[in-house]
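Using the UniProt record's numbering, read the sequence shown as starting at 1 and increasing by one per residue.
Every residue, glycine too, gets a C-beta built ideally from N, C-alpha and C.
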Amino acid sequence: MYEGKIIKFYREKYKLTQEQLGKNICSVTHISKIECAQTKYAPEIINLLSKRLGIDMELEVANFMNIKQRLLHWHDVIIMQLFEEMDQIYYEFEMEELIQISEYNDMYQLLRAKYFLAHSKCNEAFKIIKKLQKKEDKLAPYERNLLKHILGIYSLAKQEYGKVIQILKSIDNTVYKNPEFYYHLASAYHTLNAPVLAYYYAEKSHQFFKQINNYLRVIDAEMLMIIQIQGDTLDEEIISRFKNLIRSCELCNAPDRKAKVLHNLAYEFYRGKNYKEARKYYKDSMLLKNSESLSYLLSLEGYIRSSFEDGYSNLDELINDAETGLFIAKKNNYILYIHLFKLLLYLLKSKEKEYYNYLNNKALPMFIKNGFTFLVERSKKELFNYYKKMNLNEQAMEIAQLIVNA
């Protein structure tokens, strides 16, 4: 069944004509019919053609028939974020030439995109996404929904949270039986400050990760769930749950997840105005992160704000930290963090007027445009209090109206 495809692939690879391949073995017509699966053929003929091509046909057919199962296994490994095995399978498939003529080539390309996203290689992933979007209507139902999931993950990485929700909510989960996408949906709702929906979808993903015994992803989902139930005051039970998650990360030898949990614990202390503890946990989180990453800058911003609120005496050190953060943000074109570190520098240098002008004219419009709900609400409150203090009643009323409308 597959022999003809395989013979044609290797013949074209080695730039042989049908006549050259079949010389002293069989006619050009017979070669053509074998390649198109339009005739029966003797095993002896296939053996002779394989020998001329320098291939082991039994091995080639076995590999070809096993492609689907290997792809499904790779997808499972990507979901579980088992990076060493994920990388090994990727390199094996990169050496697998027959994937090009397989009916599962679209799935392979989709999983390559998901693999790149798991490694934060968004540009490589988007090149594949763009190509597959052009033929989306020709994809099989499962692959079409897998494409939506991958596009949702890409949009999440690009911080386009409204788009994430729109895309992932359109997935047909009766065809695409991979509840992992609920976690990405929960992450988007969390960022858009919709705690009920974030908790709902995080819990659905939590159940799925427990079913497949994926304890690292269980930690991810549980952390997302804990964040949604925070109250207005510092809750000792929440703090205890975070510390239990930290111990789980240590038992699983998962420093990247530990960094996330430490960051979120720091934020709990920050919200509770315990700036000393917040500063400590932000610093601990930063020590586990790549200093060029978005997550590092997020913790660095929290660390500087906590230090400032705590009355940290060495302002020069904080200014240097903020300038470093701004340099990294500009170098990598992290627009959000360019705004955040510029604001911090105005704050640290006591340039109050410049701070609020920049917040109102540059930062807030960007926060609103990209749906950064927490930053939008924080900025409105800051501006309202500033305008009231400065007796700028008209501006204060405008901001008050924005708050009421929201």
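Using C-beta distances below 7 Å, list every residue in its chain close to Glu292, excluding the 5 sequence neighbours before and after it, in chain order.
Ile328, Asn332
So, Glu268 versus Ile246, is the Cβ gap smaller than 8 Å?
no
Work out the CA separation of Leu343 and Ala194 for me, nearest whole Å.
26 Å
Grouping DSSP H, G and I as helix and E and B as strand, with all else coil, what is Leu287?
coil
At a cut of 8 Å, does the stretch 142-154 reach the stretch 176-187 through at least three beta carbon pairs?
yes
Do Leu315 and Leu345 come within 8 Å of each other at the CB atom, strictly closer than that value?
no
Element boundaries [alpha helix (DSSP H), containing Phe9]:
3-13
Whole angstroms is fine: what's the gap from Asn63's alpha carbon to Asp106's?
17 Å
At the level of alpha carbons, what is the spacing between Met390 and Lys381?
14 Å
Does the stretch 110-127 touch the stretch 208-218, meaning 3 or more C-beta pairs lie closer than 8 Å?
no
Own chain residues within Cβ distance below 7 Å of Phe126, not counting five before or after:
Tyr154
Report the residue from Tyr337, Leu348, Ala396, Lys330 whose alpha carbon sits nearest the alpha carbon of Asn360.
Ala396
Residue nearest to Val261 in terms of C-alpha spacing, selected from Cys252, Phe242, Ala400:
Phe242
Distance check for Gln207 and Val376, CA to CA, integer angstroms please.
33 Å
Local Cβ density within 10 Å of Thr174, reported as buried at 16 or more and exposed below that
exposed
What residue range does the alpha helix (DSSP H) around Leu344 cover?
335-348
Proximity below 8 Å, CB of Leu132 to CB of Leu147:
yes
Take the Cβ of Phe341 as the centre, count every other Cβ of all protein chains shown within 10 Å, and call the residue buried at 16 or more, exposed below.
buried
On a Cα-Cα basis, can you pick out the residue from Asp56, Gly22, His30, Cys252 that is closest to Ile6?
Asp56
Which of the three DSSP states, helix, strand or coil, is assigned to Glu94?
helix
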